[in-house]
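*Asks:* First to last, the sequence lines map onto chains A and B. According to the numbering used here, the first sequence is numbered sequentially starting from 12. According to the numbering used here, the second sequence is numbered sequentially starting from 195. C-beta: ideal position from N, C-alpha, C; glycine also. Note that the coordinates shown come from a computational prediction; the quantities given were computed from them, not determined experimentally.
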Amino acid sequence: MNVVLLSRIQFALTIGFHFLFPPLTIGLAWLLVMIEWRGWRRNDPTWVRMGRFFSKILALTFAVGVATGIVMEFQFGTNWAVYSKFVGDIFGAPLAAEGVLAFFLESGFLGLYLFGRGRISKGAHWFSILMVAVGSTVSAFWILVANSWQQTPAGYVVENGRAELTSFSAAVFNPSTLPRFLHTVDAALIAGAFLVAGVAAFLLRRDKEDGLARAALRLAVVFGLVASVLELFPFGHIHARQVAHTQPEKFAAIEGLYTSQSAAPMVLFAYPVTPPPELKAKVEIRGVLSWMAFGDINAPIRGITDFPPENRPPLWLTFVSFHNMVVLGLYFIAAMAWGTWQLRRGRLYEGRRFLMLLIVSIPLPLAACQLGWMAAEVGRQPWIVYGLLRTSDAVSTSVPAGDVLFSLILFALLYVLLGCLYVYLLVREIRHGPPAAVTAQA
Amino acid sequence: MDLNTIWFLLVGVLIAGYAILDGFDLGTGVLHLVTRDEDERRVMMNAIGPVWDGNEVWLLTGGGALFAAFPPVYASVFSGFYLAFMLLLVALILRAVSFEFRAKVESPGWRRAWEIAFGVGSAVPALLYGVAVGNVLRGLEMDATGVSTTLLGLLNPFALLFGVLGLAMFVLHGATYLGLKTEGALQERMRRVASALWVAFIGLFALATVTSYFVSPWLFERWFSNPLTWIFFALLLASCIAGPAAVRASHFGRGFLASAAATASIIALAAEGLYPRLVPARPDLAASLTIYNASSTPRTLTTMLVIALVGMPFVIVYTALIYRAFRGKTTLTADSY
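Written as structure tokens, this is what we have:
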């Protein structure tokens, strides 16, 4: 086992586990902004109780998100010291900005939101959850700025053995920042919607007259439909276009385009094998890929064999993760569309099978996030900074492989424990249900 | 004053801010570990409950700022202290989740387990931070790849002395904070703990200072050549006189300010002794990483300065307002941990 492989596995494990929680935090926070608004402005006890209930889930999720996030802030330095020295002039700034402009905001106001009821006005209480939502979204922005710079570096020059900043705005608003920010934040909104929908469905299966659960389900289904549709179009589409235009090797890998051609086909289903790169059991539509990526059915797209083998990402993992993410994305639209339709027909609360489907769908947006990130990060290989620095050249040279193996096992065990405890406590919280309604005394 | 010096100061402010704010969280965690009464333990956890997370952000922002302004320092120190950092991270993770996890299950075994996680998750960082500072002040072995030490090498007697000094400082600060936020028997106990810890702190500081004369004489060259030393030392002296007196008289507000001032002044003294070095090298001091040979470009430093000058005032203001909302004695409500 060498240091590069161990460090890569550790990074993948720690970031993968961490990224189960921020999507739920961001999505749930924005839903709570809406829920608490109604509780406040309408003085409606149902929405107030709903807010209290989901705020407990937010608190649990946020805690594990923060705990696993601290690891990430330090891991660039501990395991990727060569990378840190090379990109620090550019990469460090978004991380620091994330702290100053986002972490303080979300963490500070979360304390006020969770514990400030009774100490501050209702308006100030609503403002705190708004700041948590804004803070977590700004946090997503800055970390995506940093990661996007790895994908499509801009605003720099290589000098003195490192990448040096020439333009902060060009580096921040590099070609992939905005498409990835929109796509990632919307994915979080979908995750939040499915969480609320699934929890509401669970409560409704216990008692279909439950007014709080009905209200929550209505909100989640409509919100979820809008978010799911936007995620595909325009956000998913814009993002894929950006990859086609600025990261051709990744595009070829995720789409399974192995030979350069015009009228390139969109592959709906296939099984990639190598060597040589080939798709088995292929189902495709000619011309669609060229049309979607470049607006012209006959536009030429470079296939993976057009690139030197040492610059190609792993093909199977990128293709499979990307396509399964898309399948899930389509399912999200279908599920929420069905729910919205059932709502219009007045049959949403009785459909027990659909309610069960919503319950089991709770983790699916998180799966889609994991798959999307796999496609994004594995698709960038062998580069840690596209075209500038290879992953294999970027690890800390002063850390022995044994130390990394030790920390990898330590985190793996700790995260398995944390994951199990999180699920256990979350299920307990959901089963316990919202606080009881207090009947007004005359 | 050049950009590099400004950033040296800003990183120092972030470190001092962290020590003053999360410092009392860590101190509370350590005291929690040795408190027998379960109700008192619950009050202690809730005394920091609403604010600990925002306090911890100072560490993240400090790390981010170090990365942005002095990338080679961030890279060589973090990779050089690898195993120590991993230990620190596990402790911080356990502390972070212990707040949420503790009260969720009725079982006493579960609660005790998470209380221990909270305590150990506070004690380990409280010790390791001082060990880190001690090692930096002692000087670090460097080679072509950067800092090259082992975990055992980092746990040398000099660094461990600083570790214990740091631990005493954080627990003292936690005790004065709890004196402010609690009442009755608990508050009285915190008063006595704080009084004892002032003595320990002053004694350990004196020992650490004398020892560093032999281990890192270059620190004294720096201190004696700079008038700022006397200002920081005067502040430290004032807090070591006012602090114990305030605690004895149960003036916990003043006591807390004094422990905060003591924390800030010893960090200021350490920083001033280090300047302009960030990672002193041993045995050859000339191989040190300094704010000049290990910094980002002026463009980056300037851009980051703008972000800091725009962002930090907001942070200070809303943090103060949030603390103000939680002023007064800690009370247990339906929302408490």
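1) Less than 9 Å separating the beta-carbons of Phe446/B and Val245/B?
2) Give every residue of the same chain whose Cβ lies closer than 8 Å to the Cβ of Ala453/A, excluding the five residues on either side of it in the sequence, and list them in chain order.
3) Below 8 Å on C-beta distance, what does Pro244/B contact in chain A?
4) Residues of chain A with CB closer than 9 Å to the CB of Asp478/B, please, in chain order.
5) Under the three-state reduction of DSSP, which class applies to Val156/A: helix, strand or coil?
6) Looking at chain A, which residues of the stretch 294–319 of chain B have a Cβ within less than 9 Å of any of its Cβ atoms?
7) Would Asn90/A be called buried (16 or more neighbouring beta carbons within 10 Å of its own) or exposed?
8) Leaving out the 5 sequence neighbours to the left and right, which residues in its chain are closer than 6 Å to Ala40/A when beta-carbon positions are compared?
9) Could you please give me the residues that DSSP links to Arg401/A through a beta bridge?
10) Going along the chain, which residues of its own chain have a beta-carbon closer than 7 Å to the beta-carbon of Thr195/A, five neighbours each way excluded?
11) Considering just the uninterrupted stretch of the beta strand (DSSP E) at Phe280/A, what are its terminal residues?
12) Check the Cβ-Cβ distances between Gln452/A and every residue of chain B, and say whether any is below 9 Å.
13) Counting along the chain, where does the beta strand (DSSP E) carrying Met336/B start and finish?
14) Mind checking whether Ala92/A and Ser403/A have CB atoms under 9 Å apart?
15) Would you check if the distance between the CB atom of Tyr371/B and the CB atom of Ala213/B is smaller than 9 Å?
16) If we ignore side chains and look at the alpha-carbon of each, how far apart do Leu243/A and Val224/B end up?
17) Say whether chain B places a C-beta atom closer than 9 Å to the C-beta of Asn309/A.
18) Compare the C-beta of Ala176/A with all C-beta atoms of chain B and state if any pair is closer than 9 Å.
19) Applying the 10 Å Cβ sphere with the 16-neighbour rule, what's the burial state of Trp424/B?
20) With H, G and I counted as helix, E and B as strand and the rest as coil, what does DSSP make of Gly88/A?
21) So who's on the other strand from Gly444/A, going by DSSP bridges?
22) Residues bridged to Arg128/A by DSSP?
23) Locate the beta strand (DSSP E) running through Ile296/A, then write down its first and last residues.
24) If you follow the alpha helix (DSSP H) that Tyr167/A is in, where does it begin and where does it stop?
25) Verify the CB distance criterion: does Ala263/B have a CB-CB separation below 9 Å to chain A?
26) Kindly identify the DSSP beta-bridge partner or partners of Arg60/A.
27) How far does the alpha helix (DSSP H) with Val299/B in it reach, from first residue to last?
28) Would you call the stretch 323–333 of chain B and the stretch 406–419 of chain B in contact, with 3 or more CB pairs under 8 Å?
29) If the criterion is Cβ atoms closer than 9 Å, does the pair Phe343/A and Ser239/A meet it?
30) Let me see if you follow: with CB-CB separation under 9 Å, is Ser419/B close to chain A or not?
31) Count the CB pairs spanning the stretch 358–367 of chain B and the stretch 200–217 of chain B that are closer than 8 Å, and state whether there are at least three.
32) Suppose contacts are defined by Cβ-Cβ distances below 9 Å. Is Tyr531/B in contact with Asn350/B by that definition?
33) When the Cα of Thr351/A is compared with those of Gly80/A, Gly235/A and Phe28/A, which residue comes out closest?
34) Out of Arg229/A, Val371/A and Ala405/A, state which residue places its alpha-carbon closest to the alpha-carbon of Gly357/A.
35) Using the Cβ count rule (16 or more neighbours within 10 Å means buried), how would you classify Ser419/B?
*Replies:* Reading from the atomic positions:
1) Not in contact: Phe446/B and Val245/B (Cβ atoms no closer than 9 Å).
2) Note that Ala453/A has pLDDT 42, beneath the 50 cutoff, so the model's placement of it is unreliable and the number below is only indicative. In the same chain as Ala453/A, and ignoring 5 residues on each side of it, no C-beta atom comes closer than 8 Å to its own.
3) Residues of chain A passing the Cβ test: Gly122, Leu123, Leu125, Phe126 and Gly127.
4) Going along chain A, no residue has its Cβ under 9 Å from Asp478/B, so there is no contact; the nearest lies around 18 Å.
5) Residue state, collapsed to three classes: helix.
6) Correct list: Glu294, Phe295, Lys298 and Val299.
7) Counting Cβ neighbours within 10 Å, Asn90/A comes out buried, since at least 16 surround it.
8) The residues are Val143, Ala144 and Ser147.
9) Partner(s): Trp394/A.
10) The residues are Ala151 and Leu155.
11) In the DSSP assignment, Phe280/A falls within the beta strand (DSSP E) that extends over Met277 to Val284.
12) Here the model assigns Gln452/A a pLDDT of 47, short of 50, so the residue's position is not dependable and the matter cannot be decided.
13) Following the DSSP letters along the chain, one finds Met336/B inside the beta strand (DSSP E) bounded by residues Leu334 to Asp337.
14) Taking C-beta atoms as the reference points, Ala92/A and Ser403/A fail to come closer than 9 Å.
15) The answer is no: Cβ separation not under 9 Å.
16) Just so you know, the alpha carbons of Leu243/A and Val224/B end up roughly 50 Å apart.
17) It does not; no Cβ of chain B falls within 9 Å.
18) The question names Ala, but residue 176/A is Leu in the sequence shown. Leu176/A belongs to the set of residues whose beta carbon lies under 9 Å from a beta carbon in chain B.
19) With fewer than 16 Cβ atoms within 10 Å of its Cβ, Trp424/B is classed as exposed.
20) In the three-state reduction of the DSSP assignment, Gly88/A falls in the helix class, which pools H, G and I.
21) Paired residue(s): none; Gly444/A is not in a bridge.
22) Answer is Ile131/A, bridged to Arg128/A.
23) Element bounds for Ile296/A: Glu289 to Ile296.
24) Note, Tyr167/A: premise wrong, no alpha helix (DSSP H); beta strand (DSSP E) at Tyr167 to Glu170.
25) It does: the Cβ of Ala263/B has a partner Cβ on chain A nearer than 9 Å.
26) Arg60/A is not bridged to any residue.
27) Per DSSP, Val299/B is not a residue of any alpha helix (DSSP H), being assigned neither H nor E.
28) Enough Cβ pairs lie closer than 8 Å, so yes.
29) Result yes, Cβ atoms of Phe343/A and Ser239/A sit closer than 9 Å.
30) Not one chain A Cβ lies under 9 Å of Ser419/B.
31) At 8 Å Cβ cutoff, the stretches touch.
32) With respect to the 9 Å criterion, Tyr531/B and Asn350/B are not classified as neighbours on the basis of their beta carbons.
33) Nearest in C-alpha terms to Thr351/A, of all of Gly80/A, Gly235/A and Phe28/A, is Gly235/A.
34) Ranking the options by Cα distance to Gly357/A, first place goes to Arg229/A.
35) Exposed.
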